[in-house]
Structure formats: C-alpha cells, structure tokens
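Each residue of the sequence shown is one higher than the one before, counting from 1 in UniProt numbering. Every residue, glycine too, gets a C-beta built ideally from N, C-alpha and C.
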Amino acid sequence: MASNSFRGSKRGRYAEANHEPEFSCSLQELQSLMELRGADAITRIQNCYGDVNGLCTRLRTSPVEGLEGKPEDINKRKEEFGLNVIPPKKPKTFLQLVWEALQDVTLIILEVAAVISLSLSFYSPPDAERQNCGKAAGGVEEEGEAETGWIEGSAILLSVVCVVLVTAFNDWSKEKQFRGLQSRIEQEQKFTIVRSGQVIQIKVSEIVVGDIAQVKYGDLLPADGVLIQGNDLKIDESSLTGESDHVKKTIDKDPMLLSGTHVMEGSGKMLVTAVGVNSQTGIIFKLLGASEDSEGSSDDKKEKKNEEKKNKDKKDKKSKF
Numbered sequence: 001m002a003s004n005s006f007r008g009s010k011r012g013r014y015a016e017a018n019h020e021p022e023f024s025c026s027l028q029e030l031q032s033l034m035e036l037r038g039a040d041a042i043t044r045i046q047n048c049y050g051d052v053n054g055l056c057t058r059l060r061t062s063p064v065e066g067l068e069g070k071p072e073d074i075n076k077r078k079e080e081f082g083l084n085v086i087p088p089k090k091p092k093t094f095l096q097l098v099w100e101a102l103q104d105v106t107l108i109i110l111e112v113a114a115v116i117s118l119s120l121s122f123y124s125p126p127d128a129e130r131q132n133c134g135k136a137a138g139g140v141e142e143e144g145e146a147e148t149g150w151i152e153g154s155a156i157l158l159s160v161v162c163v164v165l166v167t168a169f170n171d172w173s174k175e176k177q178f179r180g181l182q183s184r185i186e187q188e189q190k191f192t193i194v195r196s197g198q199v200i201q202i203k204v205s206e207i208v209v210g211d212i213a214q215v216k217y218g219d220l221l222p223a224d225g226v227l228i229q230g231n232d233l234k235i236d237e238s239s240l241t242g243e244s245d246h247v248k249k250t251i252d253k254d255p256m257l258l259s260g261t262h263v264m265e266g267s268g269k270m271l272v273t274a275v276g277v278n279s280q281t282g283i284i285f286k287l288l289g290a291s292e293d294s295e296g297s298s299d300d301k302k303e304k305k306n307e308e309k310k311n312k313d314k315k316d317k318k319s320k321f
C-alpha cells in the first residue's frame with residue numbers, strides 16, 4: 001500500500017490529515033489552481049501535489065471521511081480561507097433613489113419649464129404701470145393674472161415632486177423585498193457534504209475549504225472544487241463561460257468544478273478548494289462591483305502591510321543605534 005493512501009483506521013486517516021499544525025496550501029495558491037482548466041489543471045495538480053489525495057493531505061482532510069468537524073478546525077479554515085458568503089453591495093439610501101429618479105429626461109424638462117414659469121410670473125416690466133394707466137377693465141384682468149401666474153409653475157413642480165417620491169419609494173420597497181428574499185433563500189439553502197464519515201446536509205454558508213461535497217443532478221454548486229469521484233458528470237457552465245454545451249467532468253481530463261454552475265447529468269464528489277469571494281463567482285462579483293468586500297479587504301490588507309513596514313523600519317533603526 002502506498003504511504004499516501006487514506007485506507008485504514010479512522011484515527012489513522014485523521015492523524016495523517018491533521019498532523020501538520022498549519023495548512024500547506026495558501027489561499028493564493030488555491031486561487032491560481034482554480035483558474036486553470038483541463039490538461040493545465042491536471043499538470044499543476046500532478047506537479048505540486050502528486051494527485052488529488054496529495055491535495056487533500058495538504059488541506060488536512062480525508063477524501064473518504066471528510067473533515068472531522070471540530071469547531072476549532074472549522075473556525076480556523078474560515079479565518080484562513082474565508083467564509084462561503086458573498087457580501088452584497090450596500091443598499092442605496094432613499095435620497096440616492098430620489099436623485100436617480102430626478103435624472104429622468106422628462107422630469108428635467110418639466111423642472112426647467114416650472115422654473116421658467118415661476119420666474120416669468122414674478123417678473124413685471126418697469127413701464128407696465130404707465131402703459132396700463134387709464135385702462136379699467138383690462139388692467140384689472142391683467143393684474144389678476146399676474147397675481148395668480150405662479151400657480152402654473154408651482155403645480156408643475158408639485159407634480160414632479162410627487163412623481164419622484166413615488167418612484168423612489170417603489171424602488172426602495174422592491175429592493176428591500178428582494179434583499180429579504182435573497183437572505184431567506186441563502187439561509188434555507190443546504191448542500192450535502194461528508195464529515196466524520198457521515199453524509200449530512202449543512203447550510204451553504206457553513207461550507208469551508210477542505211470539505212468533501214457530494215454533487216448530483218440538479219445541484220447548483222456552492223463553491224469551487226476539484227473532482228474526486230465522478231459518474232458521467234456533466235456541468236452547465238454557461239453562467240460563467242457563456243457556452244451552452246454541457247462540459248463533461250472527469251478526473252483524468254477536466255476535474256475542475258466552479259461555483260455557480262449547474263449539474264446536468266451524473267453525480268460525484270468534490271474537494272472544496274475556494275469559497276465565497278475567493279471562488280470564481282466571487283471574483284466575478286468583485287470585478288463587476290456587485291460585492292463590497294473587495295474594497296474593504298484590500299484596504300485592510302494595505303493597512304496591515306503599512307503597519308508591518310513601519311514596525312520593520314523601527315526595528316532596523318533600533319538595531320542600527
């Protein structure tokens with residue numbers, strides 16, 4: 001039997017998987033792996049890990065038993081590789097929706113017309129009194145029209161305000177309902193994984209790197225992974241690549257499975273290698289600006305790097321003195 005085989009007692013498998021104090025695969029290394037396809041991915045796996053079992057060993061998991069499921073290990077994986085959650089973009093405030101509603105061309109024309117109408121209603125020529133001197137009935141009518149001329153402009157402005165407020169309120173209520181429905185779906189959505197040798201269903205948000213997930217017909221893959229075992233598995237990757245043809249996934253030709261794709265035929269097991277904003281779907285969301293996590297995380301990383309540089313500079317100065 002080969003030394004990297006996972007057969008044997010359960011204790012032996014977990015002892016081998018959890019022997020190292022730290023993970024042997026970094027987040028950047030797994031991201032670069034998931035960017036490869038086909039023969040390139042297989043070559044990378046063979047050169048860096050030997051095979052999929054070697055990748056499981058580096059991630060301290062078992063392809064047969066899965067993770068042991070200890071809270072300490074799960075929390076450590078979440079800190080190291082991230083959560084399986086893509087934070088949505090911050091919702092627009094009511095004032096922002098009002099400003100967007102004001103950008104309508106028709107409303108802009110009405111606003112300009114209202115302003116012009118109000119300006120003309122309050123404007124009176126300097127020689128108007130002299131010219132109208134001696135006119136009795138006509139003068140009274142013109143004075144009455146001048147006093148009530150502001151009503152037209154005010155009515156236009158009032159109608160514009162009503163339209164803008166109604167439009168903004170409708171958009172705000174629709175966005176609130178959509179976000180509530182989306183959060184409810186995310187909380188109720190579950191996926192089948194293997195932990196401690198048992199097949200269980202957990203929330204998609206609780207999946208971590210190193211989990212062994214079971215995929216079958218009709219599933220929407222919640223994370224990126226590498227195929228461990230497949231049975232006539234075909235994936236619809238049109239949501240990511242735009243290709244309508246179903247892609248056949250095998251261990252020998254193309255074992256890379258991507259989040260956001262649908263299983264159209266067959267079944268199999270995959271090793272989860274990327275979750276949340278670090279998965280291919282999360283990266284696309286960040287590029288499209290649909291997630292707020294990218295900016296915050298990059299700022300945090302920059303601050304940490306700057307602090308580390310400052311600390312190093314201080315230590316260097318102290319050592320010189």
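Residues that residue i bridges to, as DSSP identifies them
| i | result |
| --- | --- |
| Arg-195 | Leu-67, Gln-198 |
| Gln-31 | Looking at the DSSP assignment, Gln-31 forms no beta bridge with any residue, so it has no partner. |
| Leu-227 | Met-270 |
| Asp-254 | Thr-250 |
| Gln-214 | Lys-269 |
| Ile-284 | The partner list for Ile-284 (beta bridge, DSSP) is empty, contrary to what the question assumes. |
| Asp-236 | His-262 |
| Lys-190 | Lys-203 |
| residue 322 | In the structure displayed, the chain extends from 1 to 321; residue 322 sits before or after that span and is not available. |
| Pro-91 | Partner(s): none; Pro-91 has no beta bridge. |
Outcome for residue i when other beta-carbon atoms lying within 10 angstroms are tallied against a minimum of 16
| i | result |
| --- | --- |
| Ala-168 | buried |
| Glu-243 | exposed |
| Thr-61 | buried |
| Ser-154 | exposed |
| Lys-70 | exposed |
| residue 361 | The displayed coordinates of the chain run from 1 to 321. Any statement about residue 361 would go beyond what the structure contains. |
| Phe-122 | exposed |
| Asp-211 | buried |
| Tyr-49 | buried |
| Cys-162 | exposed |
| Lys-89 | exposed |
| Leu-30 | buried |
| Leu-287 | exposed |
| Asp-252 | exposed |
| Val-52 | buried |
| Ile-151 | exposed |
| Asn-84 | buried |
Residue j beta carbon less than 8 angstroms from that of residue i
| i | j | result |
| --- | --- | --- |
| Leu-220 | Met-270 | no |
| Ile-235 | Lys-249 | yes |
| Leu-107 | Val-164 | yes |
| residue 324 | Glu-68 | Residue 324 is absent from the structure shown; the chain starts at 1 and stops at 321. |
| Phe-81 | Leu-27 | yes |
| Ser-117 | Ile-156 | yes |
Sequence-distant residues of the same chain with beta carbon closer than 6 angstroms to residue i, five excluded per side
| i | result |
| --- | --- |
| Ile-284 | none |
| Ser-159 | none |
| Val-194 | Gly-66, Ile-212 |
| Gln-189 | Val-204 |
| Val-247 | Ile-235, Glu-237 |
| Asp-254 | Gly-38 |
| Val-173 | Correcting the residue identity first, residue 173 is Ser in this sequence and not Val. Excluding sequence neighbours, Ser-173 sits near nothing in its chain. |
| Gln-201 | Lys-190, Thr-192 |
Sequence-distant residues of the same chain with beta carbon closer than 8 angstroms to residue i, five excluded per side
| i | result |
| --- | --- |
| residue 322 | Since the first residue of the chain shown is 1 and the last is 321, residue 322 is not available in this structure. |
| Val-199 | Thr-192, Ile-193, Gln-214 |
| Met-34 | Asp-224, Met-256, Leu-258, Thr-273, Ala-274, Ser-279, Gln-280 |
| Leu-240 | Leu-258, Gly-260, Thr-261, Gln-280, Thr-281, Ile-284 |
CB contact below 8 angstroms: residue i versus chain D
| i | result |
| --- | --- |
| Ile-193 | The structure shown contains no chain D; it holds only a single protein chain. |
Same chain, Cβ closer than 7 angstroms to residue i, five either side skipped, listed in chain order
| i | result |
| --- | --- |
| Ile-74 | Val-208 |
| residue 403 | Given a span of 1 to 321 for the chain in the structure shown, any question on residue 403 remains unanswerable. |
| Gly-218 | Val-263 |
| Asp-171 | Leu-97 |
| Arg-44 | Leu-33, Leu-36 |
| Gln-103 | none |
| Ala-101 | Val-164, Thr-167, Ala-168 |
| Pro-222 | Asn-84, Phe-191, Val-204, Ile-207, Ser-259 |
With three or more C-beta pairs closer than 8 angstroms as the rule, is the segment 35 to 47 touching the segment 87 to 94? The answer is no - the segment 35 to 47 does not touch the segment 87 to 94, with fewer than three Cβ pairs under 8 angstroms.
Does the segment 227 to 238 come into contact with the segment 268 to 282, if we say contact requires no fewer than three beta-carbon pairs (one atom in each stretch) closer than 8 angstroms? Here the segment 227 to 238 makes contact with the segment 268 to 282; the two share three or more CB pairs at distances below 8 angstroms.
Check whether the segment 50 to 61 and the segment 110 to 120 are in contact - that is, three or more C-beta pairs closer than 8 angstroms. No, because fewer than three Cβ pairs between the segment 50 to 61 and the segment 110 to 120 fall closer than 8 angstroms, the two stretches do not touch.
contact_flag[the segment 279 to 286, the segment 251 to 263] where n(CB pairs < 8 angstroms) is 3 or more: Touching, yes.
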